[in-house]
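A quick write-up on the structure given underneath.
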Amino acid sequence: MHASNDTADPFYTSLKAGAYADKKPSGRPCDPVYNCAPPLSKGAKIAIGVIITVVGLAIIGGIAYIVVRYRRRSDEPAPSTPKTKT
Numbered sequence: 361m362h363a364s365n366d367t368a369d370p371f372y373t374s375l376k377a378g379a380y381a382d383k384k385p386s387g388r389p390c391d392p393v394y395n396c397a398p399p400l401s402k403g404a405k406i407a408i409g410v411i412i413t414v415v416g417l418a419i420i421g422g423i424a425y426i427v428v429r430y431r432r433r434s435d436e437p438a439p440s441t442p443k444t445k446t
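Numbering (this note's numbering), first residue to last: 361 to 446.
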């Protein structure tokens with residue numbers, strides 16, 4: 361219960377305006393959360409977009425082909441069996 365019984369103000373209330381701006385590091389942090397590699401080039405982003413689009417359209421086309429083929433097969437009447445005399 362230290363937090364409820366402590367009468368001293370927290371440290372951040374004693375900071376002066378702009379104190380952090382003087383010590384703020386520039387750039388991005390380099391740790392496991394943030395990747396330190398440079399961002400992708402414009403050409404790489406375009407290539408990724410084209411590849412994802414082509415693969416997505418191929419998947420959609422394949423599914424549509426299977427659905428149409430299945431429907432055509434189920435619409436055909438069952439083949440009739442020849443009648444034999446007994």
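Quick reminder that beta carbons are idealized off the backbone N, C-alpha and C, glycines included.
Item	Value
Residue range of the unbroken alpha helix (DSSP H) whose run includes residue 409	402–435
Inter-residue spacing [alpha-carbon to alpha-carbon] between residue 422 and residue 388	43 Å
Continuous alpha helix (DSSP H) stretch holding residue 383: start and end	379–383
C-alpha distance - residue 397 paired with residue 412, whole-angstrom precision	22 Å
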